[in-house]
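Numbered according to our numbering, the sequence shown terminates at residue 324, and the numbering increases by one at each position without gaps.
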Amino acid sequence: MGKIHYVFLINFSLVSLGMMAAGNSNVTTDQLALLALRDRMINSEPREILAKNWSITSSVCDWIGVTCGSRHRRVTALNISKMNLTGTLPPQLGNLSFLVSLNISRNNFHGELPPELLPSWFGYLHKLQFLSLGNNSFSGSIPPSISNMSKLETLCLSFNSIEGTVPTEFQNLHNLKTLVVEYNPLSGPLPLHVFNISSLENIAFWNNNLYGILPDDICQRLKKLTWLNLAYNNLIGRIPSTVSQCSQLRYLSLSGNHFTGPIPMGIGNLTMLEQIHLQMNNLTGKMHYSIIDLPAFATIILFSSWIVGLLFFTPTIVSSFCLGIHFLITWGTDRHLFA
């Protein structure tokens, strides 16, 4: 019992310190938070670049990767992506109370998510709208406290080693537009609560270990959805005809699952649809010409399915979002997002 009390007191103290920092924060608080991040990095050439540039002899607003607000001169954005940095994240980052955008993707940051990345102190980043942690070595599970960032619009966690399920608290992220959690060992049922977030425009759970069926009301609340990638999971059943209600859909990939039955004719009503990937399933029936004749249609990939009809493959140049890294590989794999 004494050990439990000891842990509780430490956690309470950390939270109290965080609240004090949040209440009395200034540009010095921002500077100290970033210096704590610098000191968590393992010695390397990229780390030395920050060690020289992130110095108390210069304004934090002049540091590499840092953007400050023009009026209050507080740190509003931190972008240290693609710098080959190695280390862990300090809790002091929670004191960056004016932070709107955080991009540390494509580095070698590591640590389990709960203690090292998104514990309760992350909730102090109440202004955060963009969070990209993709292409690192983070592990553990996604903590429910991420739902405290109520203004969050973009969340990219792809290409890590994140396990477990997607917390039900995600449905409280009412401003979320892009959710990309590709290429992780996520498991459990398909997180249907995600499909209740009406603000979502882009959903990508490509290459996880999710199972289950697509709900009949999959598009009931997703009126703004333009991108849906659930490829390479363990989904079963039929593709619901109600997918045609996602009227803004431009890209649909359900490949590499265990779907059966026909391709819904209603897909032919998706006039914005540009690409559809359904290969490596157990689909049967005929390809409806209404799908082929869609005005924006460019690519369809269906091999390894028992579909009869006209097939054609046209590589395209595509626009980008989620850090501007967005590519298409035809003839056998999927177009997919990562950050």
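All C-beta atoms in this analysis are idealised placements derived from N, C-alpha and C, irrespective of residue type, glycine included.
These figures come from a predicted structure and were not determined experimentally.
**OP:** Measure the alpha-carbon distance for Ala189 versus Asn218 and round it to whole angstroms.
**Re:** Taking the first residue of the sequence shown as 1, we reach residue 189 at position 204. Taking the first residue of the sequence shown as 1, we reach residue 218 at position 233. One C-alpha to the other measures close to 11 Å.
Original post:
From Gly253, Ile224, Ser232 and Thr42, pick the residue whose C-alpha is nearest to that of Leu268; which is it?
Top reply: For the purposes of this step, residue 268 is identified with residue 283 of the sequence shown, where counting begins at 1. Nearest Cα to Leu268 within the set Gly253, Ile224, Ser232 and Thr42: Ile224.
**OP:** Could you tell me whether the Cβ atoms of Ser90 and Cys141 are closer together than 8 Å?
**Re:** Indexing the sequence shown from 1 puts residue 90 at position 105. Indexing the sequence shown from 1 puts residue 141 at position 156. Closer than 8 Å, so yes.
Original post:
What does a CB cutoff of less than 6 Å around Phe297 pick up in its chain, not counting 5 residues either side in sequence?
Top reply: Your numbering for residue 297 matches position 312 in the sequence shown. Here the model assigns Phe297 a pLDDT of 39, short of 50, so the residue's position is not dependable, and the following value carries that caveat. Cβ within range, chain order: n/a, list empty.
Subject >> Leu113 - partner residues in DSSP beta bridges >> reply: As a position in the sequence shown, residue 113 is number 128, starting the count at 1. Per the DSSP secondary-structure output, Leu113 pairs with nothing in a beta bridge.
Original post:
Where does His178 fall in DSSP's three states?
Top reply: The residue given as residue 178 occupies position 193 in the sequence shown. In the structure shown, His178 adopts helical secondary structure according to DSSP, grouped into three states.
Subject >> Assigned secondary structure, Phe155 (DSSP; H/G/I helix, E/B strand, else coil) >> reply: Looking up residue 155 in the sequence shown gives position 170. In the structure shown, Phe155 sits in a helix (DSSP, three-state: H, G or I).
Original post:
Quick check: the stretch 141 to 152 against the stretch 113 to 121, are there 3 or more CB pairs under 8 Å?
Top reply: Yes: at least three Cβ pairs fall under 8 Å.
**OP:** Using beta-carbon positions only, say whether Val228 and Ile203 come within less than 8 Å of one another.
**Re:** Working through the sequence shown from its first residue, we reach residue 228 at position 243. Working through the sequence shown from its first residue, we reach residue 203 at position 218. With a cutoff of 8 Å on beta-carbon distance, Val228 and Ile203 are scored as near each other.
Original post:
Per DSSP, Trp212 is paired with what?
Top reply: Stepping through the sequence shown from its first residue, residue 212 is reached at position 227. DSSP output for Trp212 lists Asn187 and Tyr236 as bridge partner(s).
Original post:
Is Glu186 buried or exposed, if buried means 16 or more other CB atoms sit within 10 Å of its CB?
Top reply: Start at 1 with the first residue of the sequence shown, and residue 186 comes out as number 201. When all chains shown are included, Glu186 counts as buried.
Original post:
So who's on the other strand from Glu97, going by DSSP bridges?
Top reply: Here residue 97 corresponds to residue number 112 of the sequence shown, with the count starting at 1. Glu97 is bridged to Ser124.
**OP:** Please state whether DSSP places Val60 in a helix, a strand or coil.
**Re:** Working through the sequence shown from its first residue, we reach residue 60 at position 75. DSSP, read as helix, strand or coil, puts Val60 in strand.
**OP:** With a cut-off of 8 Å on the beta carbons, I'd call Leu210 and Phe244 a contact; round off their distance for me.
**Re:** As a working note, residue 210 is residue 225 in the sequence shown. As a working note, residue 244 is residue 259 in the sequence shown. Here Leu210 is actually not in contact with Phe244; their C-beta atoms are around 19 Å apart, not less than 8 Å.
Subject >> Cβ-Cβ separation, Val85 to Val45 (assumed contact under 8 Å), whole Å >> reply: If you number the sequence shown from 1, residue 45 lands on position 60. If you number the sequence shown from 1, residue 85 lands on position 100. About 16 Å separates the two Cβ atoms, so there is no contact after all.
Subject >> Beta-carbon proximity list for Leu199, same chain, < 6 Å, skipping 5 on both sides >> reply: Start at 1 with the first residue of the sequence shown, and residue 199 comes out as number 214. Within the same chain, Leu199 has close Cβ partners Pro225.
Subject >> Nearest-angstrom Cβ-Cβ length linking Leu279 and Gly253, presumed shorter than 8 Å >> reply: Sequence index remark: in the sequence shown, residue 279 carries index 294 (1-based). Sequence index remark: in the sequence shown, residue 253 carries index 268 (1-based). Between the beta-carbon of Leu279 and that of Gly253 there is about 7 Å, and that keeps the pair under the 8 Å contact cut.
**OP:** Would you check if the distance between the CB atom of Leu74 and the CB atom of Gly96 is smaller than 8 Å?
**Re:** Residue 74 sits at position 89 when you count from the first residue of the sequence shown. Residue 96 sits at position 111 when you count from the first residue of the sequence shown. For Leu74 and Gly96, yes; Cβs fall inside 8 Å.
Subject >> Cβ-Cβ separation, Leu158 to Leu177 (assumed contact under 8 Å), whole Å >> reply: Sequence index remark: in the sequence shown, residue 177 carries index 192 (1-based). Sequence index remark: in the sequence shown, residue 158 carries index 173 (1-based). A Cβ-Cβ separation of about 15 Å leaves Leu177 out of contact with Leu158 under the 8 Å criterion.
Original post:
Going by DSSP, what residues sit across from Met26 in a beta bridge?
Top reply: In the sequence shown, residue 26 corresponds to position 41, counting from 1. Beta bridge pairing from DSSP links Met26 with Gly72.
**OP:** Locate the beta strand (DSSP E) running through Glu333, then write down its first and last residues.
**Re:** A question about residue 333 goes unanswered here, because the residues of the chain that appear run from -14 up to 324.
Original post:
Is the CB-CB distance between Leu78 and Leu22 below 8 Å?
Top reply: Counting from 1 along the sequence shown, the entry for residue 78 is found at position 93. Counting from 1 along the sequence shown, the entry for residue 22 is found at position 37. The answer is yes: Cβ separation under 8 Å.
Original post:
Candidates Gly50, Ser66 and Phe83: which alpha carbon is nearest His57's?
Top reply: On the sequence shown, position 72 is the one that residue 57 refers to. Just measuring C-alpha positions, the residue of Gly50, Ser66 and Phe83 sitting nearest His57 is Phe83.
**OP:** To the nearest angstrom, report how far apart Glu154 and Ile127 are at their CA atoms.
**Re:** Position 169 of the sequence shown, counted from the first residue, corresponds to residue 154. Position 142 of the sequence shown, counted from the first residue, corresponds to residue 127. The alpha-carbon atoms of Glu154 and Ile127 are separated by roughly 11 Å.
Subject >> Where Gly246 falls: helix, strand or coil (DSSP) >> reply: As a position in the sequence shown, residue 246 is number 261, starting the count at 1. Reduced to three states, the DSSP call for Gly246 is strand.
Original post:
Cβ atoms of Ile147 and Asn133: under 8 Å apart, would you say?
Top reply: If you number the sequence shown from 1, residue 133 lands on position 148. If you number the sequence shown from 1, residue 147 lands on position 162. Result no, Cβ atoms of Asn133 and Ile147 do not sit closer than 8 Å.
**OP:** Excluding the 5 residues preceding and the 5 following Ser29 in the sequence, name in chain order all residues of the same chain whose CB lies nearer than 8 Å to its CB.
**Re:** Your numbering for residue 29 matches position 44 in the sequence shown. Correct list, in chain order: Asn69, Leu70 and Thr71.
**OP:** Please check the pair Ala18 and Leu87, which I expect to be a contact at CB under 8 Å, by giving their CB distance rounded to whole angstroms.
**Re:** Residue 18 sits at position 33 when you count from the first residue of the sequence shown. Residue 87 sits at position 102 when you count from the first residue of the sequence shown. 11 Å between Cβ atoms; not a contact.
**OP:** Kindly indicate which residue of Leu234, Leu63 and Ala216 has the alpha-carbon position closest to the one of Leu207.
**Re:** Here residue 207 refers to the residue found at position 222 of the sequence shown. The shortest Cα separation from Leu207 among Leu234, Leu63 and Ala216 belongs to Leu234.
Original post:
Hey, out of Leu164, Gly197, Phe115 and Leu239, whose CA is closest to Leu215's CA?
Top reply: Locating residue 215 in the sequence shown gives position 230, where the first residue counts as 1. Relative to Leu215, the option among Leu164, Gly197, Phe115 and Leu239 whose CA is nearest is Leu239.
Original post:
If you measure from the CB of Gly79, is any heavy atom of the ligand COA nearer than 7 Å?
Top reply: Judged by which ligands are present, the structure shown has none, so any question about the ligand COA falls away.
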